[in-house]
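Residue numbers (the working numbering): 1131 to 1442.
We treat Cβ as the ideally placed atom computed from N, Cα and C, and that holds for glycine.
As the structure is a prediction and not an experimental result, all values here were calculated from the model.
Inspection log for the structure reproduced underneath, given as structure tokens.
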């Protein structure tokens, strides 16, 4: 019986979402009569070790995936489970995203102690987030907001809401839901108000391109609609050379699970201070083409200048 070693970050959220994914894989393996067992291998990444600096200032791509991918290439693990939004566009040679499971809620969520929506928050409200994407869009809507840096795991950020006297914090709804903490969500922030990060709410299950047995297993878990929507978003990200260091957002949906269903996407590039937010949208049956069209339209509007400014 082959033992499949599964690598993941060791945060509570990473371990929880990996456990949920493994439960699904075990069920599929049993139904298919595949003699497999699984072992979770927690791995510490560079992004986990650097907690006193905002992600936009740490620099470099793959802050939360590089060490896990190295273990995958070295044969120490057979599968890696990542949050899709942590994945750089380009993968190391020899690795592939073997599947994209059904996507969790892609929206951002507002968490506060007064049941206030974004528009209800007082003038000059202190909002905790370390995401340039979130802060730019929030300040575009409410220039009076004071953005406070907020790093750490979900539970750490929730504690800081009270301990640091913040009026609200903004987190990915998917993480709160996967942890079973939906009751902490005060209000959802719709994509029209704050476009999510590329791949937000989705997982990337990565493996070696040569591992046919694992690829066959992962294919059973793949969600075609999520895979195609994420493909459009990631093409957009790759063409703009984006990452945590720049204020980029995108959200795509596929009309159905059919392989030729229409994919619709809106993408965003902003000035870091929110003074300018550029958006563009496109639809089509080829996800990569949709992502390319949105990226090119934004570049035509001056997105390259905003991105260069954010990287300085």
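Starting from residue i, trace the beta strand (DSSP E) in both directions and tell me its first and last residue.
i            : result
residue 1344 : No beta strand (DSSP E) holds residue 1344; the alpha helix (DSSP H) holding it covers 1342 to 1349.
residue 1421 : Unbroken run through residue 1421 is the alpha helix (DSSP H), 1417 to 1430; no beta strand (DSSP E).
residue 1146 : Element bounds for residue 1146: not the beta strand (DSSP E) but the alpha helix (DSSP H), 1142 to 1161.
residue 1440 : Taken as a continuous stretch (DSSP letters only), residue 1440 belongs to no beta strand (DSSP E), being part of the alpha helix (DSSP H) at 1433 to 1441.
residue 1177 : Where residue 1177 is concerned, there is no enclosing beta strand (DSSP E), although the alpha helix (DSSP H) it sits in stretches over 1176 to 1179.
residue 1334 : 1333 to 1338
residue 1234 : No beta strand (DSSP E) contains residue 1234, which DSSP labels as neither H nor E.
residue 1135 : 1132 to 1139
residue 1257 : 1256 to 1258
Classify residue i as buried or exposed, calling it buried when 16 or more other Cβ atoms lie within 10 Å of its own Cβ.
i            : result
residue 1243 : exposed
residue 1397 : buried
residue 1215 : buried
residue 1204 : exposed
residue 1389 : exposed
residue 1131 : exposed
residue 1151 : buried
Which value, in whole angstroms, describes the spacing of the CA atoms of residue i and residue j?
i            : j            : result
residue 1322 : residue 1257 : 19 angstroms
residue 1199 : residue 1141 : 17 angstroms
residue 1249 : residue 1302 : 19 angstroms
residue 1425 : residue 1223 : 25 angstroms
residue 1327 : residue 1175 : 20 angstroms
residue 1299 : residue 1177 : 20 angstroms
residue 1429 : residue 1291 : 37 angstroms
residue 1278 : residue 1179 : 20 angstroms
residue 1391 : residue 1411 : 17 angstroms
residue 1393 : residue 1236 : 16 angstroms
Assuming residue i and residue j form a contact by the criterion Cβ under 8 angstroms, report the distance between their Cβ atoms to the nearest whole angstrom.
i            : j            : result
residue 1315 : residue 1306 : 6 angstroms
residue 1288 : residue 1260 : At roughly 14 angstroms, the Cβ-Cβ gap does not stay under 8 angstroms, so residue 1288 and residue 1260 are not in contact.
residue 1308 : residue 1138 : That pair is no contact at about 13 angstroms.
residue 1274 : residue 1295 : Between residue 1295 and residue 1274 the Cβ distance is about 17 angstroms, and since that is not below 8 angstroms, they are no contact.
Can you give me the start and stop residues for the alpha helix (DSSP H) that residue i sits inside?
i            : result
residue 1301 : It is not in any alpha helix (DSSP H) - residue 1301 instead sits in the beta strand (DSSP E) that spans 1298 to 1302.
residue 1360 : 1354 to 1369
residue 1322 : Premise fails: residue 1322 is in no alpha helix (DSSP H) and is neither H nor E.
residue 1414 : Segment 1407 to 1414 is the beta strand (DSSP E) holding residue 1414; no alpha helix (DSSP H) there.
residue 1196 : 1196 to 1203
residue 1240 : It is not in any alpha helix (DSSP H) - residue 1240 instead sits in the beta strand (DSSP E) that spans 1238 to 1241.
Return yes when at least one heavy atom of the ligand ADP lies under 7 angstroms from the C-beta of residue i, else no.
i            : result
residue 1297 : The ligand ADP is absent from the structure shown, which contains no ligand whatsoever.
Closer than 8 angstroms is the cut-off here; do at least three beta carbon pairs connect the stretch 1322 to 1341 with the stretch 1227 to 1239? yes
Using a Cβ distance threshold of 8 angstroms, determine whether the stretch 1152 to 1164 contacts the stretch 1350 to 1363, with at least three qualifying pairs required. yes
Is it a yes or a no for the stretch 1393 to 1413 touching the stretch 1262 to 1269, going by three-plus beta-carbon pairs under 8 angstroms? yes
Would you call the stretch 1431 to 1440 and the stretch 1382 to 1394 in contact, with 3 or more CB pairs under 8 angstroms? no
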